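J.: Using our numbering, you'd call the opening residue of the sequence shown number 270 and step up by one each time.
Built from N, CA and C at the ideal position, the CB exists for glycine as well.
Keep in mind the model is a prediction, meaning the values are calculated, not measured.
Mind looking over this structure? Questions follow.
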Amino acid sequence: MTQPTVRITKKGVERWKAGHPWIYAADVEAPPKGLEGGEVVRVEDGRGWFLGQAFFSKESKIVLRWLAWDDTPVDAAFFRERLSRAEAMRRAAYPGQTAYRVVHGEADLLPGLVVDRFGDFLSVQLLHKGTERRKELIADLLTELFHPKAIVNRSDTNVRRHEGLEPEKGLLRGDAPGAITYREGDVELEADLLQGQKTGAFLDQRDNHVMASAYGAGESLDCFSYVGGFALQLARKAAKVTAVEISEAACGQLRENAKRNGLSNVEVITANAFDYLRDTLDEGKRFDTIVLDPPSFAKNKGAVEAAVRGYKEINLRAMQLLKPGGTLITASCTFHVDEERFEELLDAAAADSKRRVQLLEKRGAGMDHPVLLGLRETRYLKCFVLRVL
Ligand code: SAH
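Written as structure tokens, this is what we have:
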């Protein structure tokens with residue numbers, strides 16, 4: 270069977286040659302008929318010169334996702350090699366660790382695939398038809414590489430709708446694992462890979478969780494705690510940690526996690542963190558350390574201004590709530606609010622708080638979430654460490 274071919278425009282060729290991994294519909298010449306989406310196509314310029322291979326998408330605005338510059342067969346051996354290379358980088362970066370992101374999509378040259386490892390279990394996202402149609406192959410290769418007890422499919426995300434796919438959740442291999450445990454530094458965490466948020470937990474903050482333990486002091490506050498990634502690290506050093514989280518399920522899991530680590534100094538409050546910050550300020554309570562790690566406030570460009578206002582509000586309140594010399598660890602996972610914008614809104618919050626604030630550290634996600642140069646979408650997480658004077 271001959272491989273289907275897709276020709277791209279001059280502008281598309283420029284993007285392709287510049288290494289941009291996505292080619293949009295406007296840069297594709299006469300889209301080929303009869304393709305379903307998910308095929309690996311030959312990519313050519315307007316004169317028929319071969320450029321490489323890509324995943325084809327029928328429904329999405331992103332029609333081509335780069336796979337190779339050459340005509341090497343995109344088969345089991347191809348994916349085995351890409352998976353092994355991704356895993357080799359993590360093994361070198363995190364010797365002895367068993368909780369990390371194994372595959373970070375495009376940034377690991379595996380577009381549309383996310384694989385998180387939690388000890389003996391894997392949690393996978395298949396984000397377009399290219400990976401959805403190869404899910405058995407991917408599960409086989411992951412089994413070969415990791416011998417996991419189970420592979421959970423957490424493709425229950427709305428981004429699949431842009432690709433003509435329904436969100437889906439279930440098991441690719443093995444039985445429902447229930448609550449599983451994994452380690453981050455000296456803390457053991459329990460998460461439910463099937464019922465938890467995203468792939469079960471937020472591994473992108475793992476290195477920042479561990480970093481935060483150095484700042485646990487006196488009275489600490491962790492807002493948007495989920496299952497306690499930050500709160501428990503703080504609790505190892507602080508006299509008391511208050512964790513504020515809106516989800517009942519996450520609060521229950523957090524309490525279990527505190528017990529599991531023998532930490533009796535964690536108070537878990539089920540509340541809206543916006544309200545908690547405002548009310549606590551009014552009550553006159555003050556903290557030595559505060560962590561803010563909210564969910565994304567803007568899924569698209571249109572929502573950026575509202576997101577900036579939200580970030581500014583919580584950061585302003587946190588700055589006001591800190592004792593002199595206190596630490597603010599503040600994160601944003603909103604791609605559309607970039608690092609510069611985040612710093613600007615923190616400047617504005619500092620000015621309004623009438624406090625002087627030092628920026629000690631600008632961090633991002635860990636090395637297991639690499640950034641692909643040329644694809645800014647792979648760089649989304651900001652985590653700043655501030656000292657409020
Ligand atoms: N800090 C966590 C991840 C946070 S994800 C970690 O490092 O692992 C964001 C969390 O905020 C989710 O658990 C979500 O349930 C919670 N959340 C969303 N809106 C909230 C609100 N208004 N107040 C408190 N928690 C909220």
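Measuring straight from C-alpha to C-alpha, what distance separates T558 and A337?
T.: Counted from its first residue, the sequence shown places residue 558 at position 289. Counted from its first residue, the sequence shown places residue 337 at position 68. Rounded to whole angstroms, T558 to A337 spans 47 Å at the Cα level.
J.: Quick check on DSSP: helix, strand or coil for H478?
T.: Within the sequence shown, residue 478 is the residue found at index 209, counting from 1. In this structure, H478 counts as helix in the three-state DSSP scheme.
J.: What residue does the alpha helix (DSSP H) around A519 start on, and which one ends it?
T.: In the sequence shown, residue 519 corresponds to position 250, counting from 1. Unbroken alpha helix (DSSP H) run through A519: E517 to R529.
J.: Cβ-heavy atom distance between Y451 and the ligand SAH below 7 Å?
T.: Residue 451 sits at position 182 when you count from the first residue of the sequence shown. No, the beta carbon of Y451 sits no closer than 7 Å to any heavy atom of the ligand SAH.
J.: Spell out a yes or no on whether the segment 586–593 and the segment 610–627 are touching, meaning 3 or more CB-CB pairs, one atom from each, closer than 8 Å.
T.: yes
J.: With distance defined between alpha-carbon atoms, name the residue in A346, L441 and N530 nearest to K505.
T.: For this step, residue 505 is matched to residue 236 along the sequence shown. In the sequence on display, residue 505 carries Arg and not Lys. Residue N530 is the option with its Cα nearest to R505.
J.: If we require 4 or more residues per run, which alpha helix (DSSP H) segments fall completely within the segment 350–431?
T.: 398–401 and 404–415
J.: Return yes when the C-beta of N541 is under 7 Å from any heavy atom of the ligand SAH, and no when it is not.
T.: In the sequence shown, the residue the question calls residue 541 occupies position 272. Under cutoff, so the answer is yes.
J.: If you draw a straight line from the alpha carbon of G443 to that of I277, how long is it in whole angstroms?
T.: By one-based count along the sequence shown, residue 443 stands at place 174. By one-based count along the sequence shown, residue 277 stands at place 8. G443 and I277: Cα-Cα distance of roughly 42 Å.
J.: Looking at L320: is its Cβ nearer than 8 Å to the Cβ of P273?
T.: Locating residue 320 in the sequence shown gives position 51, counting from the first residue. Locating residue 273 in the sequence shown gives position 4, counting from the first residue. It is not a contact, given that the beta carbons lie outside the stated cut-off.
J.: Run through the DSSP bridge pairs and tell me what I583 is partnered with.
T.: Indexing the sequence shown from 1 puts residue 583 at position 314. Listed as beta-bridge partners of I583 by DSSP are no residues whatsoever.
J.: Kindly examine the ligand SAH and report whether one of its heavy atoms sits closer than 7 Å to the Cβ of P587.
T.: On the sequence shown, residue 587 is found 318 positions in, with the first residue counted as 1. At residue 587 the sequence reads Ala, which differs from the Pro that was named. Not under cutoff, so the answer is no.
J.: Do you know how far the Cα of G635 is from the Cα of S424?
T.: As a first step, residue 424 must be located in the sequence shown, where it is residue number 155. As a first step, residue 635 must be located in the sequence shown, where it is residue number 366. Straight-line Cα distance between these residues: approximately 22 Å.
J.: With respect to the beta strand (DSSP E) encompassing V282, which residues constitute its N-terminal and C-terminal limits?
T.: Reading the sequence shown from its first residue, position 13 is the one you call residue 282. V282 -> not in any beta strand (DSSP E); alpha helix (DSSP H) instead, spanning K279 to K286.
J.: Around the Cβ of D385, are there at least 16 other Cβ atoms within 10 angstroms (buried) or fewer (exposed)?
T.: The sequence position of residue 385 within the sequence shown is 116, counting from 1. Buried.
J.: Only counting the same chain, and skipping five residues up and downstream in sequence, which positions put a Cβ closer than 8 Å to that of L658?
T.: Translated into positions along the sequence shown, residue 658 becomes position 389. Cβ within range, chain order: P593, G594, R624, R625, V626 and Q627.
J.: Would you list the residues sitting across from S259 in a DSSP beta bridge?
T.: Lying before the first or after the last residue shown, residue 259 is absent from the chain, which here runs from 270 to 658.
J.: Between H289, L655 and L333, which has its C-alpha nearest L615's C-alpha?
T.: Stepping through the sequence shown from its first residue, residue 615 is reached at position 346. Out of H289, L655 and L333, L655 has the C-alpha closest to the C-alpha of L615.
J.: Give the straight-line distance between the Cα atoms of K570 and A576, rounded to the nearest whole angstrom.
T.: Translated into positions along the sequence shown, residue 570 becomes position 301. Translated into positions along the sequence shown, residue 576 becomes position 307. If I take the Cα positions, the gap works out to 10 Å.
J.: Would you list the residues sitting across from Q322 in a DSSP beta bridge?
T.: Numbered from its first residue, the sequence shown carries residue 322 at position 53. Looking at the DSSP output, Q322 shares a beta bridge with R311 and A337.
J.: Which one of L462, C520, L441 and A600 has the shortest CA to CA distance from D473?
T.: Taking the first residue of the sequence shown as position 1, residue 473 is located at position 204. Out of L462, C520, L441 and A600, A600 has the C-alpha closest to the C-alpha of D473.
J.: Helix, strand or coil, according to DSSP, for V606 in the structure here?
T.: Here residue 606 refers to the residue found at position 337 when the sequence shown is read from its first residue. Of the three classes helix, strand and coil, the one that applies to V606 here is coil, per DSSP.
J.: What three-state label does DSSP hand Q502 in the structure shown?
T.: Within the sequence shown, the letter at position 233 stands for residue 502. The answer is helix: DSSP assigns Q502 an H, G or I state.
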